[in-house]
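The sequence shown begins at 761 in my numbering and counts up by one.
Heads up, the beta-carbon is just placed ideally off N, CA and C, and yes, glycines get one too.
Bear in mind that the values here come from a model prediction, so they are computed numbers and not experimental data.
Presented below is the structure to which this report refers.
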Amino acid sequence: MRRWGIRKKVLVVTLVPTLLTTLMLGLFFTYSWVNNIENLLQDRGESLSRQLSAGSEYGLFTANRSLLSSLSNALLEEQDVRSITFFDSEHNRLLHTGPGSSDDVETQALNGEEAKRISRPDSTVFVTPVYLQDLMIENMLDPDARQGVANGKEPIGWVTVEMSHVRTEKETYKALLISLLLVLGGVILSLAIAMRLSRAFTDPVFELNEAVARLKEGKLDTRVYTGAGPEFEQLESGLNAMAGELSKAQAEMQQNIDQATEDLRETLETIEIQNIELDLARKEALEASRIKSEFLANMSHEIRTPLNGIIGFTELLLKSPLPRQQRDHLSTIRKSSEILLTIINDILDFSKIEAGKLILDRIPFQLRDIVEEVMVMLAPAAHSKNLDLVPLVYNDVPDNIMGDPLRVKQVITNLVNNAIKFTQTGEVVLRASLEEEDKESNRITLRLSITDSGVGLSRAQQQSLFNAFSQADASTARQYGGTGLGLAISKRLVEEMGGKIGLESELGKGSTFWFTLTSELSSTGEANSPKDALRGERVIYLEQQKTTGLAVEHMLREWGMTVDRVAAPGAMQEQVEEAQSQQSGYAVAILGISRHLLNSSQYCSLVRTLELDRDCRTLLLTPTLETHDTPLSGLASGHLTKPVCRDSLYEELLLLVHGISSQQQHLPELSTEQSKAQYSGRAPRVLAVDDNDANLKLVLTLLNDCRIDAEGASSGFEALSKARQKPFDLVFMDLQMPGMDGVETTERLRGLDGNGHHTPVIALTAHALSEEQDRLLRQGFDGYLAKPISNNQLRSIIYDYTGFNCDAGVDGGRLPVPEVRDTRQALRPSTRKKQPDCVSVAESIQLAAGKADLAEELFSMLIEQIHTDLNRVQKHWESGDREALLECVHKLHGATRYCGVPELRSVANQLETALKCAAPDTEYQKDQLLIAMERLQAWSEQTDWQQLFRQQNQQAAVD
């Protein structure tokens, strides 16, 4: 009601009470009137029926129809009486007078001893029983006595009187009409009074509103006179006085405006002069910024050019055989050059951020792949310090997100690298968790934290740590190097991506650097295939490093595997034996080994026992090593390096458990020219152009290592001369050269292309500005290769543009490539049940009548026979020659009877029986025989069994 007008409020206040009162009175009187009419009809009906019952007593008793007819005809003269009916004591109708029929009177209504009333839509029937009265004088004078006599007897009949509702309904309608007319009259009268009052009150208000509106429009000469009474006179006088004051104020304000306009004109002239000066200053600042960028580009080129030669030739020298001292010196030179290159990259990144030229990509990427790449890249540095490097990405963290993967990787790398640098012992743990999720906008907020057990930071160091060129230890004698730009760059990158960065640290107790990443979920990313092939498998796990064990167990349980953790090698061996004795052995035994346990005889014995005696596949998890030739790696079925990647662990477990691989390796598709170059065996013709002799020599040397006979040119003119003589499949072009630079040389090379031949030109430059690559592509270059040149990048460029595989047949100069297991030969799954021993030396000597020498000779003969029989069994089975197969198995079974090989003897006996009986499980028994023969071969190859027989012989001699 606050938004209602005055007129509406007056109408509501006036009409609502009157209307409610009128309606309530009309309803009350109408209800009373109608109720009285109905009661009157009922009373008359009951009275007439009682009178007729008393008058018809003799007629019913004597069944005198004429008497009853006269009574009914007399009663029909009464108003509202429609019909009269008489019934005898047997419920038979004696007489009916009036319209209608009395057959519809229910028999139950005639059974009672009291008067009843039956309501119908258009009438009401009153049923009254008739009793034979005692004619004694005293009873006739006493009504109560008459009633008592009647109650003690059965009725001699019944009388029904039907009363019509026609007159009653007319009276009811008449009452309703009168009430409605009275209500309408009251409402109309109230409305007229309300309208009169509202006009008397609202018309002056409307006049005042119109006057205010005219004043608002600027008509200050407006005056108002309503003549509505003393209540409005004071308001009118106040409004008129206000209008006069506003008129005076307007005149004064106009004078002030004229004066302010004059002052403003003078001020604008002064500002215009200042703007001219600021424009000149801005042009000078832009020119200074351009000079700074050009200086950075030139300095980058000048510094990277010698670095290219230093790093390149250092790597070439490290590939050649050198004395240890010289190799150490070269490694120091390479590390120092890489540190210098890192400093240059930090300065250039910081310069781009300060200049506002940092452009972030927005593409879908997988966070877990980024984290694993950083962990694998930094693992050697961590493991060289005996640090445990662990990634923990929780299950609720989505994988496909939108953002700049290169910058996210840069931030993670910087923080993890700092943690490794400032941690001497303990661990470095990266955790990724989901902090916030908005399903409506499809946005998430991730929190990534890097926790170390290093030196920690004081409060003063924490306050200035994210500032540029600031370090925790800024003294000249500091232990750790660096420019102090890494954290400042990381902070700016995180803020540019819409996140926050911070740290929590305590001096001497380590630090936790964290940052948040707000992004949208990617709907275009490929969904990872579900890893359900290992669900339900049992794994036993021994890990010395607690956090690594937690991460690996987390992944295994996510794949639906059951993981049992043990704390010692002895406990693992006992638990595996107990599980096999219960016919529920483990699918794989995983052993996490630290660096100091790589040559442990206890772990070697454990792996040998599990693999040979228990027939349980083992998987080693070791830190990154310079070489994988350790005793443990030769015994175990699988070997992975820490930190463990999800896909590699899943692939290795899939191979160990089921002997299969979930992915097929496909070579990338090549164009027609690339395919010809690759499959024809011809190396591509490559031209390298560089004005620096050292860099040119380095590129040519790297190309020669790739089995490519490349040609070099020290200027653009020489490059054009050689290109005119013969076409090249690929050209590496330096940009900054005297005379004709790389851009002009490329333009002229494009003029030599024809007949569908396009020569790919790759730019070699040390520039590192963000817009450099796009500008080069617009100038006609096909690719971009920044100095210093990486050997792997060079090989990748050659393969992408020519299809020539530089790694085929080349061993030198390549970085270690993870071994790809041959998945065509499936490993045998672990034995889940308890089985006989593979070899029993004591039983062999016992079968040889206690002669160890004879037992050793018989066992040697069996081992020599195993290799031949293994091939024969497979050959006879594939050819379907069951007779030859039975003969071969029979001979093998006979040989096992004289040697302590319980497992092979048992399966040979079962297969021989199955072949003779043509059992349906013959193929299964054949596979078991092959498995037992392979186990016996492996045991003999990895065990010094001759020494075991001799020890048994010596022990028997002593006894």
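Span separating the alpha-carbon of I1063 from that of A1142 = 30 Å
task = Please look up how many angstroms separate the CB atoms of R1122 and M1162, rounded, as I've assumed it's under 8 Å.
result = 6 Å
query = Which one or two residues does DSSP pair with S1209 in a beta bridge?
reply = R1191 and W1274
query = Which whole runs of the alpha helix (DSSP H) in the segment 1455-1533 are 4 residues long or more, in chain order?
reply = 1476-1485 and 1502-1512
query = Looking at the unbroken beta strand (DSSP E) that takes in I1350, where does it start and where does it end?
reply = V1348 to G1352
key: For G1163, the three-state DSSP class (helix, strand or coil)   = strand
request  = Please go through the same chain and pick out, in chain order, the residues whose beta-carbon is closer than 8 Å to the beta-carbon of N1403, but skip the five residues on each side of it.
outcome  = Just to set this straight, residue 1403 is Pro in the shown sequence, not Asn. E1132, M1135, V1136, A1139, L1149, V1150, P1151, T1308 and A1311.
key: Collapsed DSSP secondary structure at T1183 in the structure displayed   = coil
ask   = Count the other CB atoms within 10 Å of the CB of D1164; is the residue buried (16 or more) or exposed (fewer)?
value = buried
inquiry  = For L1366, which residues in the same chain have their Cβ closer than 7 Å to its Cβ, ignoring the five residues on either side in sequence?
reply    = P1329, M1332 and Q1333
request  = For my contact list, N1068 and P1548 are in at a C-beta cut-off of 8 Å; report their separation, rounded to the angstrom.
outcome  = 4 Å
query = Just the Cα atoms here: how many angstroms apart are R853 and F846?
reply = 6 Å
ask   = With 16 other CB atoms within 10 Å as the buried threshold, where does N1177 fall?
value = buried
key: Local Cβ density within 10 Å of A1192, reported as buried at 16 or more and exposed below that   = buried
For E996 and Y985, believed in contact at Cβ under 8 Å, the rounded distance = 6 Å
task = Would you mind sorting T1021 into buried or exposed? The rule is 16 or more other CB atoms within 10 Å of its CB.
result = exposed
key: Buried or exposed by the 16-neighbour rule on C-beta atoms within 10 Å, applied to V1157   = buried
key: Where K876 sits in the DSSP three-state scheme   = strand
query = Comparing the C-beta of D981 with each C-beta of chain E, is any distance below 8 Å?
reply = This model lacks chain E altogether; it includes just one protein chain.
ask   = Anyone know if the C-beta pair for T1173 and V1189 falls short of 8 Å?
value = no
inquiry  = With the cut-off set at 8 Å, would you say S883 and E929 are in Cβ contact?
reply    = no
query = Just how far apart, CA to CA, sit G1259 and A1179?
reply = 21 Å
query = Leaving out the 5 sequence neighbours to the left and right, which residues in its chain are closer than 8 Å to Q1362 when beta-carbon positions are compared?
reply = P1329
Span of the beta strand (DSSP E), counted from its first residue to its last, around D1324 = T1322 to V1326
task = Please confirm if the segment 1334-1354 is in contact with the segment 1264-1273, defined as three or more CB-CB distances below 8 Å between the two stretches.
result = no
ask   = For V1168, which three-state DSSP category applies?
value = helix
key: Per-residue DSSP class, three states only, for A1448   = strand
query = Between I1104 and G1262, what straight-line distance do the alpha-carbon atoms span, to the nearest angstrom?
reply = 25 Å
ask   = Do C1376 and L1395 have their C-beta atoms closer together than 8 Å?
value = no
query = With L1392 and I1420 assumed to form a contact (beta carbons below 8 Å), what rounded beta-carbon distance in angstroms separates them?
reply = At roughly 25 Å, the Cβ-Cβ gap does not stay under 8 Å, so L1392 and I1420 are not in contact.
ask   = Using the rule of at least 16 other Cβ atoms within 10 Å of the residue's Cβ for burial, across every protein chain shown, is L855 buried or exposed?
value = buried
inquiry  = Pull the bridge partners of H1399 from the DSSP assignment, please.
reply    = L1380
ask   = According to DSSP, what are the bridge partners of I1123?
value = G1163
message = Checking 8 Å against the spacing of the C-beta atoms, do P1520 and Y1559 come in under that value?
response = no
inquiry  = Tell me the DSSP secondary structure of D1018 in three-state form.
reply    = helix
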